[in-house]
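Visitor:
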Amino acid sequence: MIPIPRLPHDPRRARPHRRGGRVRRRVAALALALAGAAGTAGAVELTMWVMPVTNNAQHDIPALIAPWLAQHPGTTVRVTVLDWESGWNKITAAAASRRGPDLLELGSTWMPAIAAMGGLEPLSAAQLAEVGNGAPYYAPLWKTTQVFGHAAVYGVPWYADVRAAFYRTDVFRQAGVDPAQAFASWDAFHAALKKINGQVVAGKRVAALAYAGKNDWNVVHNLAPWIWNAGGDVLSADAKHSALGSPQALRAIEFYSSLAVEGLVPSNALEKDSDILEGAWVGGDYGVIFSGPWLMRRIFEAPADAVVRNHFDVAPYPAGPAGHATFFGGSNLAIFKGSRHKAEAWSLVRYLGGKAPQLQLALLSSMMPARIDAANDPAWTSRHPVYGRLTAIAADGRAYPAIPAWGPLEAVYTKHLGQVAELSSGVGEPWSVPALKALIATTVIEADKVLEEAN
Amino acid sequence: MTTPGLTVTTAAAGPRRRRRRFDAFPYLLLAPAALMMVVVNLVPIVQGFRMSLLKLNQYTLSQFMDAPFIGLRNYRGVLLDPDNPVHAGMLGALRNTALYSLLVTACAVALGLGVALLLNRDFSGKAAARTLLMLPWVVPTYVVGTLWGFMWQRDEGIVNHVLVDVLHLMDHKPFWLIGSNTFFAIVIPTIWRAWPVLMLIFLAALQAVPEELYEAARLDGANAWQRFRNITLPALKPVIVIQVMFQIIDNIYSYNIVAMMFGKGAGYPGEWGDLLMPLLTRQSFSYWRFGEGAAVSFVMMAVMLVFVAVWMRTFRRSMTDEA
Numbered sequence: 058m059i060p061i062p063r064l065p066h067d068p069r070r071a072r073p074h075r076r077g078g079r080v081r082r083r084v085a086a087l088a089l090a091l092a093g094a095a096g097t098a099g100a101v102e103l104t105m106w107v108m109p110v111t112n113n114a115q116h117d118i119p120a121l122i123a124p125w126l127a128q129h130p131g132t133t134v135r136v137t138v139l140d141w142e143s144g145w146n147k148i149t150a151a152a153a154s155r156r157g158p159d160l161l162e163l164g165s166t167w168m169p170a171i172a173a174m175g176g177l178e179p180l181s182a183a184q185l186a187e188v189g190n191g192a193p194y195y196a197p198l199w200k201t202t203q204v205f206g207h208a209a210v211y212g213v214p215w216y217a218d219v220r221a222a223f224y225r226t227d228v229f230r231q232a233g234v235d236p237a238q239a240f241a242s243w244d245a246f247h248a249a250l251k252k253i254n255g256q257v258v259a260g261k262r263v264a265a266l267a268y269a270g271k272n273d274w275n276v277v278h279n280l281a282p283w284i285w286n287a288g289g290d291v292l293s294a295d296a297k298h299s300a301l302g303s304p305q306a307l308r309a310i311e312f313y314s315s316l317a318v319e320g321l322v323p324s325n326a327l328e329k330d331s332d333i334l335e336g337a338w339v340g341g342d343y344g345v346i347f348s349g350p351w352l353m354r355r356i357f358e359a360p361a362d363a364v365v366r367n368h369f370d371v372a373p374y375p376a377g378p379a380g381h382a383t384f385f386g387g388s389n390l391a392i393f394k395g396s397r398h399k400a401e402a403w404s405l406v407r408y409l410g411g412k413a414p415q416l417q418l419a420l421l422s423s424m425m426p427a428r429i430d431a432a433n434d435p436a437w438t439s440r441h442p443v444y445g446r447l448t449a450i451a452a453d454g455r456a457y458p459a460i461p462a463w464g465p466l467e468a469v470y471t472k473h474l475g476q477v478a479e480l481s482s483g484v485g486e487p488w489s490v491p492a493l494k495a496l497i498a499t500t501v502i503e504a505d506k507v508l509e510e511a512n
Numbered sequence: 496m497t498t499p500g501l502t503v504t505t506a507a508a509g510p511r512r513r514r515r516r517f518d519a520f521p522y523l524l525l526a527p528a529a530l531m532m533v534v535v536n537l538v539p540i541v542q543g544f545r546m547s548l549l550k551l552n553q554y555t556l557s558q559f560m561d562a563p564f565i566g567l568r569n570y571r572g573v574l575l576d577p578d579n580p581v582h583a584g585m586l587g588a589l590r591n592t593a594l595y596s597l598l599v600t601a602c603a604v605a606l607g608l609g610v611a612l613l614l615n616r617d618f619s620g621k622a623a624a625r626t627l628l629m630l631p632w633v634v635p636t637y638v639v640g641t642l643w644g645f646m647w648q649r650d651e652g653i654v655n656h657v658l659v660d661v662l663h664l665m666d667h668k669p670f671w672l673i674g675s676n677t678f679f680a681i682v683i684p685t686i687w688r689a690w691p692v693l694m695l696i697f698l699a700a701l702q703a704v705p706e707e708l709y710e711a712a713r714l715d716g717a718n719a720w721q722r723f724r725n726i727t728l729p730a731l732k733p734v735i736v737i738q739v740m741f742q743i744i745d746n747i748y749s750y751n752i753v754a755m756m757f758g759k760g761a762g763y764p765g766e767w768g769d770l771l772m773p774l775l776t777r778q779s780f781s782y783w784r785f786g787e788g789a790a791v792s793f794v795m796m797a798v799m800l801v802f803v804a805v806w807m808r809t810f811r812r813s814m815t816d817e818a
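First to last, the sequence lines map onto chains A and B.
Here this note's numbering is used: the first residue of the first sequence is 58, the next is one more, and so on.
Here this note's numbering is used: the first residue of the second sequence is 496, the next is one more, and so on.
1) Give a yes or no on whether the minimum CB-CB distance between Pro179 (chain A) and chain B is below 8 Å.
2) Interface residues of chain A around Leu556 (chain B) at Cβ under 7 Å?
3) Where does Leu87 (chain A) fall in DSSP's three states?
4) Mind checking the region 314 to 328 of chain A against chain B and listing, in chain order, the residues whose C-beta falls within less than 8 Å of any C-beta there?
5) Strictly under 8 Å for the Cβ-Cβ distance: is Asn513 (chain A) near chain B by that measure?
6) If you reduce the DSSP assignment to three classes, tell me which class Leu508 (chain A) lands in.
7) Applying the criterion that 16 or more other CB atoms from any shown protein chain within 10 Å of the CB defines a buried residue, is Asn176 (chain A) buried or exposed?
8) Counting only runs of 4+ residues fully inside the region 636 to 683 of chain B, write out the alpha helix (DSSP H) ranges in chain order.
9) State the DSSP-derived secondary structure class of Val801 (chain B), mapped to helix, strand or coil.
10) Can you tell me whether Tyr750 (chain B) sits near the ligand NAD, meaning its C-beta is under 7 Å from at least one heavy atom of the ligand?
11) Can you pull the chain B residues whose beta carbon is under 7 Å from the beta carbon of Asp273 (chain A), in chain order?
12) Against Val484 (chain A), what residues of chain B qualify as contacts under a CB-to-CB distance less than 7 Å, listed in chain order?
13) Mind checking the region 527 to 559 of chain B against chain A and listing, in chain order, the residues whose C-beta falls within less than 8 Å of any C-beta there?
14) Select from the region 763 to 787 of chain B all residues with a C-beta closer than 9 Å to any C-beta belonging to chain A, and list them in chain order.
15) Taking only three categories from DSSP, how would you classify Val484 (chain A)?
16) Within the same chain, show all residues whose beta-carbon is closer than 8 Å to that of Gly241 (chain A), passing over the 5 residues directly before and after it, in chain order.
17) Is it buried or exposed for Lys759 (chain B), if we count other Cβ within 10 angstroms and need 16 for buried?
18) So, with DSSP's three-state summary, where would you put Thr166 (chain A)?
19) Could you name the residues of chain A that Ala583 (chain B) contacts, counting a contact when the two beta carbons are closer than 7 Å?
20) Of all the CB atoms in chain B, is at least one closer than 8 Å to the CB of Glu335 (chain A)?
21) Since Glu102 (chain A) is in the beta strand (DSSP E), which residue starts that stretch and which ends it?
22) Under 8 Å between beta-carbons, which chain B residues line up against Gly464 (chain A)? List them in chain order, please.
23) Cα separation between Trp488 (chain A) and Val638 (chain B)?
24) With distance defined between alpha-carbon atoms, name the residue in B:Gly786, B:Tyr522 and B:Pro580 nearest to Lys506 (chain A).
25) Output the residue ranges of the beta strand (DSSP E) runs that lie fully inside the region 374 to 454 of chain A and measure 3 residues or longer, sorted by chain position.
26) Excluding five sequence neighbours on each side, which residues of the same chain lie with their C-beta closer than 7 Å to the C-beta of Arg366 (chain A)?
27) Under DSSP, the beta strand (DSSP E) around Val345 (chain A) begins and ends at which residues?
28) Please report the Cβ distance between Val604 (chain B) and Gln738 (chain B), rounded to the nearest whole angstrom; I am assuming they are in contact, meaning their Cβ atoms lie under 8 Å.
29) State the Cα-Cα distance for the pair His298 (chain A) and Leu662 (chain B), rounded to the nearest angstrom.
30) Counting only Cβ pairs nearer than 7 Å, list the residues of chain B close to Thr471 (chain A).
31) How would you list, in chain order, the residues of chain B whose beta-carbon sits under 8 Å from the beta-carbon of Lys506 (chain A)?
32) Where does Phe564 (chain B) sit, in a helix, a strand or coil, going by DSSP?
33) Would Gly620 (chain B) count as contacting chain A if we go by Cβ distances under 8 Å?
34) Leaving out five residues on either side along the sequence, give the residues of the same chain with a beta carbon under 8 Å from the beta carbon of Glu509 (chain A).
35) Per DSSP, which residues does Gln203 (chain A) bridge with? Please list them.
36) List, in chain order, every chain C residue whose beta-carbon is nearer than 9 Å to that of Arg713 (chain B).
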């Protein structure tokens with residue numbers, strides 16, 4: 058037999074060498090990787106999505122978390138500032154795809170929807186114990202970290218939005234209206250608005266009250282306190298049906314819209330949005346506007362000679378037959394389900410839920426702290442008397458039931474209740490109680506259909 | 496007759512022997528574009544159709560294409576169920592969209608054609624005039640919506656200031672963003688933005704009409720109207736037919752102006768301002784009814800396909816310039 062000569066390139070010879078080379082390369086790569094990992098032991102980059110809570114959130118939020126970073130060497134936080142318009146789409150897309158940040162800020166009404174989609178990590182019993190099982194936070198805000206009817210908690214309240222009546226003290230004084238009485242009842246409020254409507258102060262004719270119409274995201278938040286104070290609600294007790302058709306809710310909607318019909322809210326306000334109206338209130342066009350703590354920032358930023366700077370105060374919502382509750386919203390912090398650094402993310406959430414960071418954020422943003430102790434801290438309450446009054450008003454704060462379907466439901470409510478303003482504008486179909494009832498009946502049908510999906 | 500050494504082939508044998516070989520080169524050149532069309536258009540269309548057959552909402556979104564299959568129930572719901580949230584207001588939006596499309600198309604085409612005829616003459620500053628007239632078209636639609644939203648404000652807006660304070664055409668300032676006037680508040684900015692590009696296209700077409708035709712007509716004693724009717728209009732007919740079709744499609748799918756003008760709340764401009772696309776977006780995305788939204792999209796696509804087919808068939812000869 059003639060032996061087959063083995064050529065240098067014979068695969069049967071070459072193969073063991075190649076395999077050996079591959080193994081060596083893999084071992085070398087592993088060694089390098091381990092060496093690299095050892096060199097940056099504990100290096101974690103957290104990604105965090107927030108909303109523009111301050112004028113310069115991209116700078117302010119890193120400053121806020123700097124003390125936490127100092128305690129966690131090797132950890133970095135990449136902050137992305139979303140905006141309220143596109144943030145919802147980005148967050149829902151992340152929740153659906155399970156690819157998103159490690160921790161994120163969620164509007165209090167957004168939280169149950171994202172939690173129901175499975176996008177958020179529920180807090181463990183140990184984590185809950187670390188935040189006192191919610192005791193340090195305002196109870197209505199703590200409830201927004203849960204899903205209605207379920208025990209799981211998905212986050213920690215971060216900051217609060219509490220609504221109140223911002224009014225011009227100089228206009229009230231000139232009209233001879235006592236603010237203490239003006240907000241004591243609906244009738245007193247109505248009488249006060251009639252007195253201040255048309256007052257000329259500092260050369261400017263002042264309209265009594267401003268609220269926005271259909272082209273505004275606050276339509277439901279503006280109306281809800283009136284409904285609560287009339288003894289009604291936006292949802293039934295089991296949160297399965299719309300409650301806007303109740304006599305109490307209808308009474309509230311009737312009273313609220315009649316203010317525009319009477320001309321106490323100028324009809325041109327109904328074609329504007331809250332942002333423009335708040336600017337006009339700061340500019341001296343209106344006597345009263347219902348707004349939140351962010352308006353303080355706007356007042357402070359007004360020109361030094363702006364008359365409103367030294368002539369304003371806040372009051373609770375006018376007391377209705379059932380009290381003077383106000384809308385209590387805000388934002389929570391949560392850990393994203395898909396996070397690969399849940400322990401670090403929780404550490405940061407817990408830190409930001411603490412008193413000192415909440416106070417610091419409140420002073421940066423003018424939004425109210427979500428913690429009771431921070432909201433009562435002199436650093437907040439003594440900054441301006443109005444902050445202290447907002448804290449007092451928050452005691453009557455109410456939030457919507459934290460149902461996953463709140464997003465679609467709010468869209469239905471905003472669409473139809475925006476048309477209430479259209480009705481009271483005096484353009485087209487005249488305002489009447491039957492017309493109002495018909496509009497609300499349509500709203501309830503559409504709302505119940507949306508809720509039906511959730512039940 | 497045969498010649499020694501010469502092979503004569505029959506006519507029938509020629510093509511068989513010289514049969515054209517398959518040439519893959521043109522297909523190779525077309526392949527990237529075809530692949531792109533499949534990826535960018537066909538795949539999403541097929542996926543969209545599949546979505547329209549699923550119960551795809553807030554509670555099933557994480558399952559996405561594995562959401563429960565419900566056949567044609569979404570189509571029945573959005574088309575026939577008066578209580579369906581996506582269906583709510585659809586008839587009104589359909590009426591508004593039809594009126595809006597017809598009015599915008601008619602006005603934009605008429606204005607574009609009229610100004611093109613004026614510009615198709617020699618005068619000093621013609622190029623500058625043409626450039627200035629193009630400016631509205633350069634403004635993006637979302638900016639148009641935002642700007643006109645301010646311009647329509649009753650007391651502070653420039654429209655009422657001009658109409659009432661400057662021109663004294665009205666004795667009071669009307670609302671444009673509330674009530675039935677919302678219809679005009681969306682129609683007028685759309686026309687304002689649409690006509691300049693039509694003007695440019697018509698102007699280009701006008702410049703291709705041979706001047707000799709007009710000279711001959713003048714010699715025959717034809718007046719301006721006769722020249723327009725018998726020379727200009729037939730020459731422009733293919734362009735007009737195509738542009739009208741594009742305008743109708745664009746206007747039926749119109750979204751940006753309404754969304755920017757009325758999008759700060761629910762995005763509902765009221766009974767007279769709601770169009771199909773804003774309604775579809777609002778009531779499928781805001782309400783999280785994606786399956787039903789996909790169903791409405793497919794109905795709209797089918798209607799548009801029928802429209803385009805009928806239009807093309809009706810005006811086929813005009814478009815190919817065979818008339």
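Every residue, glycine too, gets a C-beta built ideally from N, C-alpha and C.
Guide: From the atom records:
1) Translated into the one-based positions of the first sequence, residue 179 (chain A) becomes position 122. Chain B contact via Cβ: absent.
2) Taking the second sequence and counting its residues from 1, the one referred to as residue 556 (chain B) is at position 61. Using a Cβ-Cβ cut-off of 7 Å, Leu556 (chain B) is close to Ala153 and Met174 of chain A, given in chain order.
3) Here residue 87 (chain A) is taken as the residue at index 30 of the first sequence, counted from 1. Note on Leu87 (chain A): pLDDT 47, under 50, position unreliable in the model; no value is reported.
4) Cβ contacts with chain B: Ser324, Asn325, Leu327 and Glu328.
5) The structure shown has nothing for residue 513 (chain A), since chain A only spans 58 to 512.
6) Here residue 508 (chain A) corresponds to residue number 451 of the first sequence, with the count starting at 1. Under the three-state reduction of DSSP, Leu508 (chain A) is assigned to helix.
7) As a working mapping, residue 176 (chain A) is identified with position 119 in the first sequence. The sequence shown places Gly at residue 176 (chain A), rather than the Asn named in the question. When all chains shown are included, Gly176 (chain A) counts as buried.
8) With a minimum length of 4 residues, the continuous alpha helix (DSSP H) runs that stay inside the region 636 to 683 of chain B are 636 to 646.
9) On the second sequence, residue 801 (chain B) is found 306 positions in, with the first residue counted as 1. The answer is helix: DSSP assigns Val801 (chain B) an H, G or I state.
10) The ligand NAD is not among the ligands present in this structure, which contains no ligands whatsoever.
11) The sequence position of residue 273 (chain A) within the first sequence is 216, counting from 1. Those are Lys759 and Gly760, listed as they occur along chain B.
12) Here the question's residue 484 (chain A) lines up with position 427 in the first sequence. When 7 Å is used as the limit between beta carbons, Val484 (chain A) is near these residues of chain B: Phe670, Ile673 and Gly674, in chain order.
13) Residues passing the 8 Å Cβ filter: Asn552, Gln553, Tyr554, Leu556, Ser557 and Phe559.
14) Cβ proximity to chain A below 9 Å picks out Tyr763, Pro764, Gly765, Glu766, Trp767, Arg777, Gln778, Phe780, Ser781, Tyr782, Trp783 and Arg784 from the region 763 to 787 of chain B.
15) Start at 1 with the first residue of the first sequence, and residue 484 (chain A) comes out as number 427. Coil at Val484 (chain A), not helix or strand.
16) If you number the first sequence from 1, residue 241 (chain A) lands on position 184. The sequence as given places Ala at residue 241 (chain A); Gly does not occur at that position. So the qualifying residues of the chain are Pro375 and Ala376.
17) Reading the second sequence from its first residue, position 264 is the one you call residue 759 (chain B). Buried is the call here.
18) The residue labelled residue 166 (chain A) in the question sits at position 109 within the first sequence. If DSSP states are grouped into helix, strand and coil, Thr166 (chain A) belongs with coil.
19) For this step, residue 583 (chain B) is matched to residue 88 along the second sequence. The contacting residues are Glu503.
20) The residue given as residue 335 (chain A) occupies position 278 in the first sequence. Output row for Glu335 (chain A): interface = no.
21) The count along the first sequence starts at 1 and reaches residue 102 (chain A) at position 45. Per DSSP, Glu102 (chain A) belongs to the beta strand (DSSP E) from Val101 to Val107.
22) In the first sequence, counting from the first residue as 1, residue 464 (chain A) sits at position 407. Within chain B, the residues near Gly464 (chain A) are Gln553, Ser781 and Trp783.
23) Residue numbering aside, residue 488 (chain A) sits at position 431 when the first sequence is read from its first letter. Residue numbering aside, residue 638 (chain B) sits at position 143 when the second sequence is read from its first letter. Here the alpha carbon of Trp488 (chain A) sits roughly 34 Å from the alpha carbon of Val638 (chain B).
24) Residue numbering aside, residue 506 (chain A) sits at position 449 when the first sequence is read from its first letter. From the listed residues B:Gly786, B:Tyr522 and B:Pro580, the smallest Cα separation to Lys506 (chain A) is found for B:Pro580.
25) Those beta strand (DSSP E) runs which fall completely within the region 374 to 454 of chain A and span 3+ residues are 383 to 392.
26) Mapped onto the first sequence, residue 366 (chain A) falls at position 309. Result list for Arg366 (chain A): Ile356 and Ala359, in chain order.
27) Translated into the one-based positions of the first sequence, residue 345 (chain A) becomes position 288. Start and end: Tyr343 to Ser348.
28) The residue given as residue 604 (chain B) occupies position 109 in the second sequence. The residue given as residue 738 (chain B) occupies position 243 in the second sequence. 7 Å between Cβ atoms; contact.
29) As a first step, residue 298 (chain A) is located in the first sequence; it is residue number 241 there, counting from the start. As a first step, residue 662 (chain B) is located in the second sequence; it is residue number 167 there, counting from the start. Answer to the nearest angstrom: the Cα atoms are 53 Å apart.
30) By 1-based counting over the first sequence, the position of residue 471 (chain A) is 414. The answer, in chain order, is Gly760 and Ala761.
31) Taking the first sequence and counting its residues from 1, one reaches residue 506 (chain A) at position 449. Residues of chain B passing the Cβ test: Asp578, Asn579 and Pro580.
32) Indexing the second sequence from 1 puts residue 564 (chain B) at position 69. Reduced to three states, the DSSP call for Phe564 (chain B) is strand.
33) As a position in the second sequence, residue 620 (chain B) is number 125, starting the count at 1. It does not; no Cβ of chain A falls within 8 Å.
34) Numbered from 1 along the first sequence, position 452 holds the residue referred to as residue 509 (chain A). Within the same chain, no residue comes within 8 Å of Glu509 (chain A) by CB-CB distance, once the 5 residues on both sides are set aside.
35) Numbered from its first residue, the first sequence carries residue 203 (chain A) at position 146. Gln203 (chain A) pairs with A:Val210.
36) Given the protein chain composition of this structure (A and B), no chain C is represented.
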